[in-house]
Every structure is written in structure tokens, then in C-alpha cells.
Amino acid sequence: MKKRKIVQTIGFSLLYLSVFIAIFALSSILYFVIIKGAGVINWEFLTSMPKEGMTKGGIVPAILGTFYLATGAILFSLPLGIFAAIYLSEYAKQGRLVRIVRLGINNLSGVPSIVFGLFGLGIFVKFFGFGVSILSGALTLGILILPTIIRASEEALLAIPESFREASLALGATKWQTIKGVVLPNAIPGIMTGAILGVGRAAGETAPILFTATTFFCSRLPSSIFDEIQALPYHIYALMTEGTHSELQVPIAYGTTLVLISLVLLINLLAIIIRYKMRKGKKW
Numbered sequence: 001m002k003k004r005k006i007v008q009t010i011g012f013s014l015l016y017l018s019v020f021i022a023i024f025a026l027s028s029i030l031y032f033v034i035i036k037g038a039g040v041i042n043w044e045f046l047t048s049m050p051k052e053g054m055t056k057g058g059i060v061p062a063i064l065g066t067f068y069l070a071t072g073a074i075l076f077s078l079p080l081g082i083f084a085a086i087y088l089s090e091y092a093k094q095g096r097l098v099r100i101v102r103l104g105i106n107n108l109s110g111v112p113s114i115v116f117g118l119f120g121l122g123i124f125v126k127f128f129g130f131g132v133s134i135l136s137g138a139l140t141l142g143i144l145i146l147p148t149i150i151r152a153s154e155e156a157l158l159a160i161p162e163s164f165r166e167a168s169l170a171l172g173a174t175k176w177q178t179i180k181g182v183v184l185p186n187a188i189p190g191i192m193t194g195a196i197l198g199v200g201r202a203a204g205e206t207a208p209i210l211f212t213a214t215t216f217f218c219s220r221l222p223s224s225i226f227d228e229i230q231a232l233p234y235h236i237y238a239l240m241t242e243g244t245h246s247e248l249q250v251p252i253a254y255g256t257t258l259v260l261i262s263l264v265l266l267i268n269l270l271a272i273i274i275r276y277k278m279r280k281g282k283k284w
């Protein structure tokens, strides 16, 4: 008994230590970025165009570009991911083929993002002829986050009690009516989790849009989905690696980093609030 208590104490101590390290690391990063970047952030920085070779002005093209890419990615991947999850969990015969498909989806989640960037370059930019554009970047990011959305959606669907389906079928509903009217509405909070993770990753990725969507400098805002754009992650990379006036561009890069972190946190916060309200009142 005494030995079990010691083991339990050690286990909880390791858990607390892990949480502390994670919180400390996150807090340190945020503190460093805030100290370095808060000084350049003002209304003009957030709403004006870049000027004088990216040494002055604002980052509004990069903010809009990130919004366009993340929105396009989620519009492409969310319906596709939900339909794929419905098929795998509700219609597919559970066997070796489905297990192989699930294994492939899980492996895709771990593929380096640069590979998706090269895929997008070869397929969307070159083969389909979309060029370096919002459309190519959004589709590439959509494929990047698709495995995450499929797995999260499938887990949400499988978490719905089987008795819900049985009750609906017993009342005369078809399988599709049961999925549409009973299973999906109750699985939405879990599906939102996948969407949260997907949007956060899409907004912060650099490698996939490096070859497919972004440019170092834009003198105007995009007018169509076939225009190239700036985006916050690539903007940071470009300022830190390609700039010729580092003393002026590095503070802008830190300010852009702070804006990107704030946007991702805001997106996650809004999605968590929506998910909490959807879950409120569910007793099962």
C-alpha cells in the first residue's frame, strides 16, 4: 500500500511538472514576442499597406491574405472531411480496407507540411494551371488539414450512443434521416474541435503556401482568387530572411508575429465558446 502511494505521488508529480513546463514555455514565448513586437502595433500598422520596401507601413494585405487562405481551406476541407467521416463510421463495412484507409489518414497527419507545398505546386499551380494564387494556397492548406478534420469528425460520430440510432430507426426514419437529424447535430461539438485545430494550423503554416500562394510584397489588395497574396506566416519569414534593412524590418516581423498569435488565439477562443454553447444542456 505504501509503495502504491509512493508511485502515485511520483506519477502526479510528473504530471504537474509536465503541465508547468508547458505553461512556462508558452508564457515565455508570449512574453518574448509581446516585448519585442508590441511597440510597433497601432491602428496604422493593422490597417495600412506596406511602404518603402517593407520597412514602413502596415500589414493589412498579410492579415487579409491569411484570412482568405484559412477560410478557403476550411470551406474546402470541412464538408469533404465530414462526408468522409460519415462514410467511414456509418456506411463502410468495417474490415481490413477501412483499417488501411484509417492508417493512411493518420499517416497523412504526420507528413511534413513542405511535402504538401510541393504537392500543391505540382498539382494546383502547374497541372491545373491555377498559378501562384489564393485558390492554389487554399486548396493546398485544405488538403493539409483534411486528415485532422476526418479523424476528429469520425471520433465525434462514433461517440454518439448507438441507442440514438436505434431509437430513430425504430420510429421509421431511414439511415440517412437518422444521420442527418440525430447523429450529426449531436456530433457537431466534436466536429468543431477538428475545425478549430484545422483553422489554427492553416493560419500558421508557411511551407505549403511558400510555393502556391504568397509573394514577398504586394502593392495592392487581391481582386480575385487567382491573385497572389501576402500572408502573416510568410511575411514573418520574408522579413527575417530576405530583408535588406534588418534594423527596421525585424521589429515589424515581431509585431506581425504578435498579430498572428493573437488571431489564432481569438479563432480558437470563439470556436471553443461556440462548442461549449452547443454542448450545454446535453446530459449523455
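With full-length UniProt numbering applied, the sequence shown closes on residue 284, and no number is skipped along the way. Ideal Cβ positions, reconstructed from N, Cα and C, are used throughout, including at glycine. None of these values were measured; they are calculated from a predicted model.
Cross-strand partners of K51 (DSSP beta bridge): K56, per the DSSP bridge assignment.
Runs of alpha helix (DSSP H) lying entirely within the stretch 182-257, each at least 4 residues, in chain order: Entirely contained in the stretch 182-257, the alpha helix (DSSP H) runs reaching 4 residues are, in chain order, 184-204, 207-210, 232-241.
Where the alpha helix (DSSP H) through F119 begins and ends: Per DSSP, F119 belongs to the alpha helix (DSSP H) from 113-120.
contact_flag[the stretch 181-190, the stretch 245-253] where n(CB pairs < 8 angstroms) is 3 or more: A contact is defined here as three or more CB-CB pairs under 8 angstroms, and the stretch 181-190 fails this definition with respect to the stretch 245-253.
DSSP three-state assignment for Q94, whether helix, strand or coil: Looking at Q94 - three-state DSSP - the assignment turns out to be coil, as it is neither helix nor strand.
Ranges of the alpha helix (DSSP H) found wholly within the stretch 111-178, counting only runs of at least 4: Counting only runs that start and end inside the stretch 111-178, the alpha helix (DSSP H) elements of at least 4 residues fall at 113-120, 134-158, 162-170, 175-178.
For N106, the three-state DSSP class (helix, strand or coil): The answer is helix: DSSP assigns N106 an H, G or I state.
Proximity to residue 295 [Cα-Cα], best of A195, Y237, G39: With the chain covering 1 to 284 only, the question about residue 295 has no answer from this structure.
L210 to T256 span [Cα, whole Å]: L210 and T256 have their alpha carbons spaced roughly 17 angstroms apart.
Straight-line gap, T140 to L266 (C-alpha atoms, nearest Å): Going by the C-alpha atoms only, they are around 23 angstroms apart.
Closest by C-alpha distance to S27, when choosing among A253, A271, I261, I274: Each of A253, A271, I261, I274 was checked against the Cα of S27, and the nearest Cα belongs to I261.
Cβ pair A70, L232 closer than 8 angstroms: No. Outside cutoff.
Where the alpha helix (DSSP H) containing S27 begins and where it ends: Note, S27: alpha helix (DSSP H), 2-37.
Separation of A84 from I272, as counted between CA atoms: Looking at the backbone, the Cα of I272 and that of A84 are separated by about 24 angstroms.
Cβ contact check for the stretch 154-166 and the stretch 88-104: 3 or more pairs under 8 angstroms: By the Cβ criterion, the stretch 154-166 is in contact with the stretch 88-104, since at least three pairs of Cβ atoms, one from each stretch, lie closer than 8 angstroms.
Supposed contact pair G137 and A22 - C-beta distance, whole angstroms, cut 8 angstroms: The beta-carbon distance between A22 and G137, rounded to whole angstroms, is 31 angstroms. This is too long to meet the 8 angstroms contact definition.
Backbone secondary structure at I41 - three-state DSSP: It is coil, neither helix nor strand.
Exposure of I179, with buried meaning 16 or more beta-carbon neighbours within 10 Å: With a 10 Å radius around the Cβ and a threshold of 16 neighbouring Cβ atoms, I179 comes out buried.
Sub-8 angstroms separation of G181 and V264 beta-carbons: With contacts defined by Cβ atoms closer than 8 angstroms, G181 and V264 do not form a contacting pair.
Proximity of S77 and G142 at Cβ, strictly below 8 angstroms: Result yes, Cβ atoms of S77 and G142 sit closer than 8 angstroms.
7 angstroms CB neighbourhood of G133 in its chain, flanking five on each side removed: Here the sequence assigns Ser to residue 133, which means Gly is not the residue at that position. These residues qualify, in order along the chain: A213, I225, F226, D227, E228.
Close Cβ partners of R275 (< 6 angstroms) along its chain, the five nearest in sequence each way excluded: Around R275: P189, M192.
Contact check, T47 vs G57, beta carbons under 8 angstroms: Not closer than 8 angstroms, so no.
Proximity of L108 and P147 at Cβ, strictly below 8 angstroms: Against a cut-off of 8 angstroms, the Cβ pair of P147 and L108 comes out as a contact.
Length of the line joining the Cα atoms of G131 and Y237: If you take the alpha carbons of G131 and Y237, they lie about 21 angstroms apart.
Span separating the alpha-carbon of G120 from that of S113: Going from the Cα of G120 to the Cα of S113 covers about 11 angstroms.
Contact set for G72: own chain, Cβ-Cβ below 8 angstroms, skip 5 residues either direction: Counting only Cβ-Cβ distances below 8 angstroms, and skipping sequence neighbours, we find I134, L135, G137, A138, L139, L141, G142, I225.
Residues near T66 by beta carbon distance below 8 angstroms, same chain, minus five either side: Scanning its chain for C-beta atoms nearer than 8 angstroms, with the 5 sequence neighbours on each side dropped, one finds around T66 the residues A203, A231, L232, P233, L260, L263, in chain order.
Inter-residue Cα distance where the pair is S163 and E242: In this structure, the straight-line span from the alpha carbon of S163 to that of E242 is close to 59 angstroms.
The ligand GTP heavy atom lying under 7 angstroms from the CB of K3: Annotation note on the ligand GTP: not contained in the displayed structure, which lists no ligands.
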